[in-house]
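Quick note, the sequences are listed as chains A and B, same order. No gaps in the numbering here: position 64 of the first sequence is 50 in the numbering used here, and each next residue is one more. No gaps in the numbering here: position 81 of the second sequence is 1111 in the numbering used here, and each next residue is one more. Think of the CB as a built atom: it goes at the ideal place given N, C-alpha and C, for glycine as much as any other residue. Written out below as C-alpha cells is the structure these notes cover.
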Amino acid sequence: AQSVTQLDSQVPVFEEAPVELRCNYSSSVSVYLFWYVQYPNQGLQLLLKYLSGSTLVKGINGFEAEFNKSQTSFHLRKPSVHISDTAEYFCAVTPGSNYKLTFGKGTLLTVNP
Amino acid sequence: NAGVTQTPKFQVLKTGQSMTLQCAQDMNHEYMSWYRQDPGMGLRLIHYSVGAGITDQGEVPNGYNVSRSTTEDFPLRLLSAAPSQTSVYFCASSYSTGGYNSPLHFGNGTRLTVT
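This is the structure:
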C-alpha cells in the first residue's frame, strides 16, 4: 500500500509571489504521481502528472512539479500566483490503476491581493 | 459534451432514510467511481466499476450500494442514512482503469447532510 502526506493544510500567499506546495509519498513499488486542483464548489481536475522520464513536469496554468525519487517527494510550484489560483490542491499516487489511487488530504492555497 | 453529471447538487436526509445519488457520463468511459470528501480527510474511494455489470468495493463501502447496468450510469445508493454519511460525494470516470494514461474526470459533487 502507499500513502501520501501533504505537509501543509493551508498556504496563504500574496498575489504575484512564488509558491510551493509540498507532497511526500511512501510506497514499496514504483508509482505514478499526480496533482489535482479543486476550485470552490467544483470537482477535481488534473493539473499535471509524472509517469516517467524528465523529473520536472509542467502542467496547466503555469504550474510545474519536480519528482525526487531519493526524497520521495513531488512538490508543486508556481513562480507567480494569481488570485484565480485560490483553490485546494491534492497530491495523489497510484502503482498503476485508478482504483488504487491514493489522495493526500489537500492543501488550501489562498492568494490574497 | 457534458462530462460527468451528478444529481442532486444538495440533499438533506433524516437518519434512516434512503436515497440514490445519480451519476452519468457521456464520454464512453469504462471506469467509474464514487468518492466521499470530508474536511481534513481528502478523498476516499467508496465503490468503483470497471465496466457495465462489474462493481467492486473501495476503501469505505459500508452503508452504500452501487450497480452498473449501463456504461453511462453509476448510481450510489444509501440504504439507511446515518449522520456519519454527511459528506460531499464525487463521481469520477476515466477511459480505462490505467491511472498512468487515463486521468479521472470528476463531477461537481453532491453535498449531503444527514440529520
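Residues of chain B whose Cβ lies closer than 7 Å to the Cβ of Thr80(A) are, in chain order, Gly1129.
Put simply, the CB of Gln(-4)(A) is far from chain B, with every gap to its CB atoms at 8 Å or more. Under the three-state reduction of DSSP output, Asp1103(B) falls in the strand class. For Tyr25(A), there are no C-beta contacts with chain B under 8 Å, since the nearest C-beta of that chain is about 10 Å from it.
Taking C-beta atoms under 8 Å as the contact rule, Arg1098(B) and Met1062(B) qualify, at a distance of about 7 Å. With contacts defined as CB atoms closer than 8 Å, Val1090(B) and Arg1066(B) qualify as a contacting pair. Residue-level contact check: Pro1133(B) touches chain A, since one or more beta carbons of chain A fall below 8 Å from its beta carbon. Going by beta carbons, Gly1128(B) and Ser83(A) fall inside the 8 Å limit. Counting C-beta pairs with one atom in each stretch, the segment 66 to 75 of chain A and the segment 19 to 30 of chain A have three or more that are closer than 8 Å, which means they touch. Here the alpha carbons of Asn1138(B) and Gln28(A) stand approximately 5 Å from one another. Residues Asn10 of the same chain have their beta carbon placed closer than 6 Å to that of Thr(-9)(A), with the five preceding and five following residues left out of the count. Beyond the five residues adjoining it in sequence on each side, Gln(-4)(A) comes within less than 6 Å, by CB distance, of Leu94 in the same chain, given in chain order. Not a single CB atom of chain A sits nearer than 8 Å to the CB of Leu1051(B).
A distance below 8 Å between beta-carbons, with the five flanking residues on each side excluded, links Asp(-6)(A) to the following residues of its chain, in chain order: Leu7, Arg8 and Thr93.
Neighbours of Leu1073(B) in chain A, taken as residues whose beta carbon is under 8 Å from its own, are Leu30, Phe76 and Phe89 in chain order. Ser16(A) does not reach chain B, its nearest Cβ partner there being about 10 Å away, counting only Cβ pairs nearer than 8 Å.
DSSP places Pro81(A) outside both helix and strand once states are collapsed to three, so it counts as coil.
Secondary structure of Asp71(A) (DSSP, three-state): helix. By the beta-carbon neighbour count (other beta carbons within 10 angstroms, threshold 16), Thr1037(B) is exposed. For Thr96(A), the enclosing beta strand (DSSP E) has its first and last residue at Thr93 to Asn98.
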